[in-house]
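K.L.:
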Amino acid sequence: MAAGRAGVMEANRSSNPTQTRSDDGRFMELALQLGRRGLGRAWPNPAVGALIVKDGVIVGRGWTQPGGRPHAEIEALRRAGDAARGATLYVTLEPCAHHGKSPPCADAVVAAGMTRVVSALEDPNVKVAGQGHERLRRAGIAVEVGLGADQARRDHAGHIRRMRDGRPHVVLKLAVSADGKAAAAGRRPVAITGEEVRARVHLLRAQCDAVMIGIGTALADDPLLTCRLPGMESKSPIRIVLDSALRLPATSRLAQTAQDVPVWVIGGSSAPGAAEGALRAAGVEVLRAPASDGRPDISAVLALLAARGITRLMVEGGPTLAAALVAADLVDQAVLFRSTRTVGPAGVDALEGLPLAALTQSRRLRRVATDAVGADTRDIFERG
Numbered sequence: 000m001a002a003g004r005a006g007v008m009e010a011n012r013s014s015n016p017t018q019t020r021s022d023d024g025r026f027m028e029l030a031l032q033l034g035r036r037g038l039g040r041a042w043p044n045p046a047v048g049a050l051i052v053k054d055g056v057i058v059g060r061g062w063t064q065p066g067g068r069p070h071a072e073i074e075a076l077r078r079a080g081d082a083a084r085g086a087t088l089y090v091t092l093e094p095c096a097h098h099g100k101s102p103p104c105a106d107a108v109v110a111a112g113m114t115r116v117v118s119a120l121e122d123p124n125v126k127v128a129g130q131g132h133e134r135l136r137r138a139g140i141a142v143e144v145g146l147g148a149d150q151a152r153r154d155h156a157g158h159i160r161r162m163r164d165g166r167p168h169v170v171l172k173l174a175v176s177a178d179g180k181a182a183a184a185g186r187r188p189v190a191i192t193g194e195e196v197r198a199r200v201h202l203l204r205a206q207c208d209a210v211m212i213g214i215g216t217a218l219a220d221d222p223l224l225t226c227r228l229p230g231m232e233s234k235s236p237i238r239i240v241l242d243s244a245l246r247l248p249a250t251s252r253l254a255q256t257a258q259d260v261p262v263w264v265i266g267g268s269s270a271p272g273a274a275e276g277a278l279r280a281a282g283v284e285v286l287r288a289p290a291s292d293g294r295p296d297i298s299a300v301l302a303l304l305a306a307r308g309i310t311r312l313m314v315e316g317g318p319t320l321a322a323a324l325v326a327a328d329l330v331d332q333a334v335l336f337r338s339t340r341t342v343g344p345a346g347v348d349a350l351e352g353l354p355l356a357a358l359t360q361s362r363r364l365r366r367v368a369t370d371a372v373g374a375d376t377r378d379i380f381e382r383g
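See the structure below:
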């Protein structure tokens, strides 16, 4: 750090004797908590949290609003008003520096007369990529980057993945019996985990932009894929079905509720037009992606979803889709719910054609947490 810049930072701290580095950590943690309120709702933008503090008192707070605007900094500045002058901004991602659908947040911070910005991460978006921080510094604002970075990387994993790799952050959810099965013989659905797990799954849906299943699961289970936790029904994600031949019935629960919660069906380029028309008439949006051997090209599907703004994608099944993602090394986080119940040798393996160890012992994924969820166990794996 340049000596002059360090001196500005220390001067800001000395003007506020109650502000300490431990305070910085506490305020950044609050900003991170605020940002997570926007998960699943802020796409195509990152779910950012912002906190404005003056003389040790929080005078403004904000998080990215549904659809990505207003940005968190603008919300916090609106609440702070004139109190933002001379204050410190804690923000979980670099303030933007480019003109998009709204003016740069960095300019708004400068105009508000703030003297210090504590930012968790530089934005990987090439339109920002350090330019926001530099614009603040040129205006004489003390900028510190890196506090809370580890948690911010987790919270912004979808945005980072979309910017760097052109695909969403993929969260694979599996419910597996004690004998490694995901369904009964003949792919018949069977209750594997308990009610406590179902509540966790609904919460996970609410934190993702979209939830995706294969057509086999759609036909076997006729699911809704919504978030049905009390008070959180409006946080249901986009529902996506991979369906190369467009076999999803217009009478399915997904199609019948498409007017309430959006449904995207991704068909192959040669899927019949009549089937597409029936789905569109029900309110389903039909997209097309390349297919190979009658199955969608999963990499092309993820690129398509990223192009439409999806940053966090939850995948709920079935075994064929799960195995395809694992085999292609496209799983960034896996949430594995293990039951003590057994299904029997005729049941369907959790990963079609692959041992469960392909996930649990993958060199690309490491177990980061294990806990009990009712009578079941949850293991969380993350890309290392």
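Under numbering that gives the first Met the number 0, the sequence shown has 66 at position 67, and the numbering climbs by one with no breaks. We put the beta carbon where it would ideally sit given N, CA and C, even for glycine. It should be emphasised that the depicted structure is a prediction, and the values quoted were computed from it without experimental measurement.
1. What residues in its chain sit with their C-beta under 6 Å from that of A82, if we drop five residues either side in the sequence?
2. Which residue wins for smallest C-alpha separation from V170, given the options D106, G293, L301 and A49?
3. Taking the alpha helix (DSSP H) that Q255 falls in, what are its first and last residues?
4. Taking the beta carbon of A141 as the centre, do at least 16 other beta carbons fall within 10 Å, making it buried, or is it exposed?
5. Pick from R382, V372 and T19: whose alpha carbon is nearest that of A198?
6. Could you tell me which whole beta strand (DSSP E) segments of length 3 or greater appear in the stretch 293-323?
7. Look at the alpha carbon of V285 and the alpha carbon of E275, and state the distance between them as a whole number of angstroms.
8. Please confirm whether L245 and G215 have their CB atoms less than 8 Å apart.
9. Could you work out which residue in G24, A368, R25 and T63 is closest to G34 when comparing CA atoms only?
10. Is the distance from the Cβ of P295 to the Cβ of A305 below 8 Å?
11. Got a sec? Which residues, its chain only, sit under 8 Å from A219 by beta carbon, not counting five neighbours each side?
12. Assign A1 to one of two classes, buried (16 or more other C-beta atoms within 10 Å of its C-beta) or exposed (fewer than that).
13. Going by beta-carbon coordinates alone, are I51 and A79 separated by less than 8 Å?
14. Identify every run of the alpha helix (DSSP H) within the stretch 38-96, keeping only runs that are complete inside it and at least 4 residues long; order them along the chain.
15. Alpha carbon to alpha carbon, how far is A323 from R36? Give it in angstroms, no decimals.
16. Taking 7 Å as the limit between beta carbons, can you name the residues of its chain near T341, skipping five residues before and five after?
17. Taking the alpha-carbon positions, what's the L320 to G213 distance?
18. Considering just the uninterrupted stretch of the beta strand (DSSP E) at V283, what are its terminal residues?
19. For K180, which residues of its own chain have a beta-carbon under 7 Å away from its beta-carbon, when the five flanking residues on both sides are left out?
20. Going by beta-carbon coordinates alone, are D378 and T192 separated by less than 8 Å?
21. Is there contact here, the stretch 18-25 with the stretch 38-48, by at least three beta-carbon pairs under 8 Å?
22. What does DSSP give as the partner residues of V347 in its beta bridges?
P.N.:
To lay it out plainly:
1. K53 and V58
2. L301
3. R252 to Q255
4. buried
5. V372
6. 311-316
7. 7 Å
8. no
9. T63
10. no
11. A182, R186, R187, P188 and G317
12. For A1, the pLDDT reaches just 37, beneath the cut-off of 50, and the residue's location in the model is therefore unreliable, leaving the point undetermined.
13. yes
14. 71-79
15. 31 Å
16. S176, A177 and D178
17. 6 Å
18. Counting along the chain, V283 falls outside any beta strand (DSSP E), and DSSP gives it neither H nor E.
19. V342, G346, V347, D348 and A349
20. no
21. no
22. A182
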